[in-house]
Amino acid sequence: MTNDKKSVSLVLGSGGARGLAHIGVIHWLEENGYVIKSISGSSIGALVGGVYAAGELDKFEEWVRSITRLDIVTLLDLSWGKRGLVKGDKIINTLVDLVGDQCIEDLSVRFTAVASEIEEEKEIWLNSGRLFDAIRASIALPLFFTPFDHRGTPLIDGGVLNPVPIAPTFGDNTDLTIAVNLGGASTELDEVQQEDDVSKSEESASGESLLHKNISRFIENLQKSINGAGKSTGKNDWDVYDISMQAFEAMQSTIARQKLAAYPPDHTIEIPKNACRTLEFDRAAEMIKLGYRIAQSSGL
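When the letters of the sequence shown are read in order and numbered with my numbering, they come out as residues 2 to 301.
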């Protein structure tokens, strides 16, 4: 296909750590004669898409492949407030140091990050200004990240209203629109998802324990500030938080199906929603490999 390259508008959906599969999809497209001219992304899709549009996907991939659960904990700057668990400054500053502080207008690939303005119940398309401001707004997962203040308006995760943002690509002059949906039907996963050694398992368990401890401590302090007294059980609080995350993912999957039915792209790549959980960014290698393999077998 090297003499017959097809231009692509790529739509990258929301879904937490599963979105690292977007990297594998992009690699397969590039290796098979597709030229990505435009990207529309929501949440993790905005992050991966923005980094790609900035020309720094390889550098980001090398970094994210090295992340452990303990690293994730160190990147969480807990807000200790009522608007969300994590401020997100430490994560964004780390990414700016890695990728560079760029403006969307200067990118070589047309890029739109989608966020949600919850008070007006409308999605916001961010296609100008500072790249990582747009990304920070789009990844503001409710309960987890604090909202991002955009010109006096609080914005939250784009996946709340549009987990697979196809509409921003409608005006593109490209051959194909390809959407990557991270809320695909659950499936029985094979050995690609099982690659793990004992030391990594122990490290993950340690990191997960610390992550749960920090979140439980946050919820306990929040409860005390609201109720003025009382103790938290820790595990039960984490269970409540975990259930909230699962409910959000179920909502996203439902909305994604509706969006894809209403505005069908030329091709959809489905990543199973049970491939990994929202915060399992330490499984980058698995997710990248999974994205590549599913793109390879997608019939494109």
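Even glycine gets a Cβ: it sits at the ideal position worked out from N, Cα and C.
Predicted model, so just to flag it, every value in this text is computed and none were measured.
In the structure shown, P166 adopts coil according to DSSP, grouped into three states. Look at L11 here: in three-state DSSP terms it is strand. With respect to T279, A18 sits close: the two C-beta atoms are nearer than 8 Å. Membership of N275 in any beta strand (DSSP E) is not indicated, and neither H nor E is assigned to it by DSSP. Between G25 and G34, the alpha-carbon positions lie close to 15 Å from each other. As summarised for the region 88-155, the continuous beta strand (DSSP E) elements at least 3 residues long and confined to that stretch are 111-118, 123-127 and 149-151, given in chain order. In the displayed model, Y264 falls within coil according to three-state DSSP, outside both helix and strand. With a beta-carbon spacing of about 10 Å, L30 and H23 fall beyond the 8 Å limit used to define contacts. By the neighbour-count definition (other C-beta atoms within 10 Å, threshold 16), C277 is a buried residue. The Cβ-Cβ distance between I140 and F133 does not fall below 8 Å.
By the Cβ criterion, the region 173-186 is not in contact with the region 62-73, since fewer than three pairs of Cβ atoms, one from each stretch, lie closer than 8 Å. Note that the C-beta distance between L108 and V65 is not below 8 Å.
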